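Peer 1:
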Amino acid sequence: MNTLFSKKPTVSVDSHEIFASQHQPTRLEFYLKSTLPVEKILRKKEDGTELIMSSGSEGCLIYTFDKPVEDDTGTYTCIVSNHLGEDRAVIKLFVGGNYVLYLKFICETVCLICKLDSKPQVIDLTWWFNDELISSTNDERGDNRFQGGTIECPDLTIKSITYTDKGSYTCCARNIIGLCTSSPIVLSVEGLYKLILL
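Reminder that position 107 of the sequence shown reads as 107 in full-length UniProt numbering, one-by-one numbering, no gaps.
Put into structure tokens, the structure is as follows:
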């Protein structure tokens, strides 16, 4: 009788990307909703390793890295299933101390620093966001939110940041000898809170 009102299980996450320092305990958390028992698997995409998750409160599935290392960097997929179907959620984990973290509030301006030191001189400079080239300085509304990001002014300034701006940025410079890419700059965007005194 319960089956009539049951649905396939669902699983979700709060954040699809987690940036962790080496040897600092880090948890992957997935939120399960199901009225029936489920099978659950956590799989690392890069090598197919299957990991065992523990169950927390209110349907939370947890995998803890006690002392994460760079080799733990990867894409982790949580798959939940029962006879009604399956669902999955993905978290990308980045481990290492080789990135710079910026924490900004929505609508603020952020300047991402890129320092050039090249002989022979740089002939091309680009910025990348989550592995995609930032090819235009205008957003979907036609507003010019980006400044810089050129050989003359390598720092990239982003005005009026939104939640869609959070992620990993890299600066790539090229000269006649080859290409060099900066360490990732991670931008985290939080909600804007204002204190009003009456």
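Beta carbons: idealized from backbone N, C-alpha and C, even for Gly. Quick caveat: nothing in here was measured; it's all calculated off a predicted structure.
For the beta strand (DSSP E) containing glutamine 147, name the first residue and the last one.
Peer 2: Taking the first residue of the sequence shown as 1, we reach residue 147 at position 147. Where glutamine 147 is concerned, the enclosing beta strand (DSSP E) stretches over 146-148.
Peer 1: Skipping 5 residues on each side, what residues in its chain have a beta carbon closer than 7 Å to that of isoleucine 123?
Peer 2: As a first step, residue 123 must be located in the sequence shown, where it is residue number 123. So the list reads Arg174, Asn175, Ile176, once near-sequence residues are dropped.
Peer 1: Whole angstroms are fine: how far does the CA of glycine 74 sit from the CA of phenylalanine 94?
Peer 2: In the sequence shown, the residue the question calls residue 94 occupies position 94. In the sequence shown, the residue the question calls residue 74 occupies position 74. Their Cα atoms are separated by approximately 7 Å.
Peer 1: Between the region 23-37 and the region 103-118, do three or more beta carbon pairs fall short of 8 Å?
Peer 2: In short, these stretches do not touch, since the Cβ pair count stays below three.
Peer 1: Using three-state DSSP, classify lysine 8 as helix, strand or coil.
Peer 2: In the sequence shown, the residue the question calls residue 8 occupies position 8. Correct three-state label for lysine 8: coil.
Peer 1: Identify every residue that forms a DSSP beta bridge with leucine 133.
Peer 2: Along the sequence shown, read from residue 1 onward, the residue named residue 133 stands at position 133. According to DSSP, which records beta bridges pairwise, leucine 133 is partnered with Trp128.
Peer 1: Cysteine 111 bridges to which residues according to DSSP?
Peer 2: Sequence index remark: in the sequence shown, residue 111 carries index 111 (1-based). Thr157.
Peer 1: Using a threshold of 7 Å, state whether the C-beta atoms of cysteine 78 and valine 11 are closer than that.
Peer 2: Taking the sequence shown and counting its residues from 1, one reaches residue 78 at position 78. Taking the sequence shown and counting its residues from 1, one reaches residue 11 at position 11. The answer is yes: Cβ separation under 7 Å.
Peer 1: Please state the DSSP three-state secondary structure of threonine 170.
Peer 2: Locating residue 170 in the sequence shown gives position 170, where the first residue counts as 1. Reduced to three states, the DSSP call for threonine 170 is strand.
Peer 1: What does threonine 75 pair with, by DSSP beta-bridge criteria?
Peer 2: The count along the sequence shown starts at 1 and reaches residue 75 at position 75. Paired residues: Lys92.
Peer 1: Tell me where the beta strand (DSSP E) around valine 100 begins and ends.
Peer 2: By 1-based counting over the sequence shown, the position of residue 100 is 100. Taken as a continuous stretch (DSSP letters only), the beta strand (DSSP E) holding valine 100 covers 100-105.
Peer 1: Are there 16 or more other CB atoms within 10 angstroms of the CB of lysine 7, so buried, or fewer, so exposed?
Peer 2: The residue you call residue 7 lines up with position 7 of the sequence shown. Flag for lysine 7 reads exposed.
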